[in-house]
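Asks: Handing you this structure, nothing more for now.
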Amino acid sequence: MTESHNYIRYNNSIEVIQPDEEEINKKIVYSMARVNRLMYEKHRHAIRDAHSKSHGILKGELQIYDNLPEHLAQGLFSKPKKYPVIVRFSTAQGSIVPDTMSAFRGMAIKIIGVEGEKFLEDLSQAVTQDFLLVNYPIIPTGTINEYLKAQEKVESQADSTLFVQKIAQKAAVGVQNVLAKVGLADDTNELGAPGPHILGDTYFSMAALRYGDYVAKINVKPLCRNVKELSGKKIDDEIIDADENAFLTSIISDFFRLNTAEYEMSAQLCTDLEKMPVEDASVQWPEEISPYQPIAKLVFFPQETFSPQRRVYADDVLSFNPFHCLPEHRPLGNIMRVRKLAYETSSKFRHLMNAQQRIEPSSIDELPD
Numbered sequence: 000m001t002e003s004h005n006y007i008r009y010n011n012s013i014e015v016i017q018p019d020e021e022e023i024n025k026k027i028v029y030s031m032a033r034v035n036r037l038m039y040e041k042h043r044h045a046i047r048d049a050h051s052k053s054h055g056i057l058k059g060e061l062q063i064y065d066n067l068p069e070h071l072a073q074g075l076f077s078k079p080k081k082y083p084v085i086v087r088f089s090t091a092q093g094s095i096v097p098d099t100m101s102a103f104r105g106m107a108i109k110i111i112g113v114e115g116e117k118f119l120e121d122l123s124q125a126v127t128q129d130f131l132l133v134n135y136p137i138i139p140t141g142t143i144n145e146y147l148k149a150q151e152k153v154e155s156q157a158d159s160t161l162f163v164q165k166i167a168q169k170a171a172v173g174v175q176n177v178l179a180k181v182g183l184a185d186d187t188n189e190l191g192a193p194g195p196h197i198l199g200d201t202y203f204s205m206a207a208l209r210y211g212d213y214v215a216k217i218n219v220k221p222l223c224r225n226v227k228e229l230s231g232k233k234i235d236d237e238i239i240d241a242d243e244n245a246f247l248t249s250i251i252s253d254f255f256r257l258n259t260a261e262y263e264m265s266a267q268l269c270t271d272l273e274k275m276p277v278e279d280a281s282v283q284w285p286e287e288i289s290p291y292q293p294i295a296k297l298v299f300f301p302q303e304t305f306s307p308q309r310r311v312y313a314d315d316v317l318s319f320n321p322f323h324c325l326p327e328h329r330p331l332g333n334i335m336r337v338r339k340l341a342y343e344t345s346s347k348f349r350h351l352m353n354a355q356q357r358i359e360p361s362s363i364d365e366l367p368d
């Protein structure tokens, strides 16, 4: 294992502002806002511009491990403690489409009871902290220039028929599966319709974040046997055929009707800024240089994961934002800097149009049953 003195120390020079970054960021956010408006007109309801479709909203507990070494005992993880959490499983499209369409899956984690001033000024006194993870280790459009190109394509297809969207989706699957085959992605999370069981995936921060005195990426992977057995497991055709629009919701709900699940959260600390860049999130950090190291455990007990009350609470009331965090865990890099503005803009639009106040819970009891 890499010695702690080889880990890159965080400092303000870690991030480098890109040429024309402000202008490019505005183009991206304005394009996303136009898509948001189109989706509102389509659904007569404002939805998230990404990961708009929920599949499960879970109550759980984050257990910070005891006796972590200095390089891992940072920020939120500086001392052993248990926190209640709300977790939202989702898929990545910015529109509500059938589950049979391939897509990245998301795991958004809201930790409750986190004391200390937060990075975002308007949420500085909230007692929550968010981590947003996706079942893919990198952001393929890892710089703002590539992200702008992708966003413009999204906008051009936003009002197209489902048939055209499916064609574009198949092309995206081809690209992502090629990345997996050449080692640029974890092939256990290879993207393909309809994909393996959503609860067996490993989820990644994709981009870098500050990890106290260091720089890291975060992942969450199955820990207990019953969830590990779901990793890469094909979803039964009978389940898909029963409801192609909501089978991901069904398999999460069916699992948690009787089962407990455990996942492990780990941190991969940066040791080489050339091989593990912060400003290009499309580069996968080599685990042979710096492996993921366990820092905490997520535990979920049997529960109802998609009641109407929970769905409305997660979709219309809550917001998940990677910049809603302790300053010690601020996201890093140009792709995340543009996403900061995008998340804020999208959340404000969604809450305004749905006439819902944004609420940061102070207690897990606020999550409906």
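Residue 0 is where the sequence shown starts when you use numbering that gives the first Met the number 0, and the numbers rise one by one after that. Beta carbons are placed, not taken as given, at the ideal position from N, Cα and C, and that holds for glycine.
Nearest to S281 by CA position, among G332, G199, L351, F299, is which residue?
Replies: Closest option to S281, Cα to Cα, is G332.
Asks: Measuring CB atoms only, is the region 202-211 touching the region 223-240, in the sense that at least three cross pairs come out at less than 8 Å?
Replies: The region 202-211, when compared against the region 223-240, does not touch it at the 8 Å Cβ threshold.
Asks: Sorted by chain position, which residues of the same chain lie with C-beta nearer than 7 Å to L147's C-beta, five sequence neighbours on each side aside?
Replies: Excluding sequence neighbours, L147 sits near I23, K26, I27.
Asks: When the Cα of S345 is compared with those of Y6, A45, Q17, which residue comes out closest?
Replies: Checked all of Y6, A45, Q17; the closest Cα to S345 is A45.
Asks: Is I16 helix, strand or coil when you go by DSSP?
Replies: It is coil, neither helix nor strand.
Asks: Look up L247 in the DSSP assignment and say whether it is helix, strand or coil.
Replies: DSSP places L247 in helix when its eight states are reduced to three.
Asks: Taking the straight line between their C-alpha atoms, what separation do you get for Q302 and D48?
Replies: Rounded to whole angstroms, Q302 to D48 spans 28 Å at the Cα level.
Asks: According to DSSP, is Y64 helix, strand or coil?
Replies: The answer is coil: DSSP assigns Y64 none of H, G, I, E or B.
Asks: Here's the rule I'm using: 16 or more other beta-carbon atoms within 10 Å means buried, otherwise exposed. How should F300 be labelled?
Replies: Exposed is the call here.
Asks: On the three-state DSSP scale, how would you describe S53?
Replies: In the structure shown, S53 sits in a strand (DSSP, three-state: E or B).
Asks: Run the CB neighbour count on R8, radius 10 Å, all protein chains shown included, and call it buried at 16 or more, exposed below.
Replies: It counts as exposed.
Asks: Starting from the Cα of V277, find the closest Cα among I137, F246, Q292 and give me that residue.
Replies: Taking only the C-alpha atoms, the option nearest V277 is I137.
Asks: Starting from Q267, trace the alpha helix (DSSP H) both ways and give me its first and last residue.
Replies: Segment 260-268 is the beta strand (DSSP E) holding Q267; no alpha helix (DSSP H) there.
Asks: Tell me, which residues are paired with P83 by DSSP?
Replies: In DSSP, P83 forms a bridge with E60.
Asks: Mark R256 as exposed unless 16 or more other C-beta atoms lie within 10 angstroms of its C-beta, in which case mark it buried.
Replies: Classification of R256: exposed, given that the 10 Å Cβ count is below 16.
Asks: Could you give the first and the last residue of the continuous beta strand (DSSP E) run that contains D240?
Replies: First-last for D240: 236-241, but that is the alpha helix (DSSP H), not the beta strand (DSSP E).
Asks: Assign N134 to one of three DSSP states: helix, strand, or coil.
Replies: Note: N134 maps to coil in three-state DSSP.
Asks: Considering R309, what are the terminal residues of the beta strand (DSSP E) in which it resides?
Replies: It is not in any beta strand (DSSP E) - R309 instead sits in the alpha helix (DSSP H) that spans 307-311.
Asks: Alpha carbon to alpha carbon, what distance is there between G55 and K233?
Replies: C-alpha separation (whole angstroms): 19 Å.
Asks: Does the distance from the CB of L122 to the CB of E343 come in under 8 Å?
Replies: No, they are not a contact pair.
Asks: If you reduce the DSSP assignment to three classes, tell me which class A32 lands in.
Replies: Three-state DSSP puts A32 in a helix.
Asks: Measure how close the beta-carbons of I143 and V15 come, nearest whole angstrom, since I'm counting them as under 8 Å.
Replies: With 8 Å as the limit, I143 and V15 do not qualify as a contact, their Cβ atoms being about 12 Å apart.
Asks: What does a CB cutoff of less than 6 Å around A260 pick up in its chain, not counting 5 residues either side in sequence?
Replies: Contacts found: V226, F299.
Asks: With distances taken Cα to Cα, identify the nearest neighbour of H350 among E237, P330, L119, F319.
Replies: Here the closest residue by C-alpha is F319.
Asks: Let's see if you can read the secondary structure: which residues bound the alpha helix (DSSP H) around R224?
Replies: Its alpha helix (DSSP H) spans residues 224-227.
Asks: Is DSSP giving G74 helix, strand or coil here?
Replies: Three-state DSSP puts G74 in a helix.
Asks: Quick one: what's got a C-beta closer than 7 Å to G182's C-beta in the same chain, skipping five residues either side?
Replies: For G182, the predicted structure reports a pLDDT of 44, less than 50, and the residue's modelled location is therefore unreliable. The matter cannot be settled from this model.
Asks: Ordered along the chain, which non-local residues of its own chain (more than five positions away) have a Cβ less than 8 Å from that of G173?
Replies: Model confidence at G173 stands at a pLDDT of 46, short of 50, so the residue's coordinates are unreliable; what they give is reported in the following sentence. Excluding residues within five positions, none has a Cβ falling inside 8 Å.
Asks: Verify the contact flag: Q292, CB atom, against every heavy atom of the ligand HEM, threshold strictly below 7 Å.
Replies: For the structure depicted, the ligand HEM is absent and the ligand set is empty, with no information on it obtainable.
Asks: Does the Cβ of R33 have 16 or more other Cβ atoms within 10 Å, making it buried, or fewer, making it exposed?
Replies: Counting Cβ neighbours within 10 Å, R33 comes out exposed, since fewer than 16 surround it.
Asks: Quick check: the Cα distance between G141 and Y6, rounded to an integer number of angstroms?
Replies: Spanning the two alpha carbons is a distance of roughly 23 Å.
Asks: Run through DSSP, which three-state label would R338 get?
Replies: Reduced to three states, the DSSP call for R338 is helix.
Asks: Per DSSP, P106 forms a beta bridge with which residues?
Replies: At residue 106 the sequence reads Met, which differs from the Pro that was named. DSSP, once it has assigned bridges, lists F88, L132 as partnering M106.
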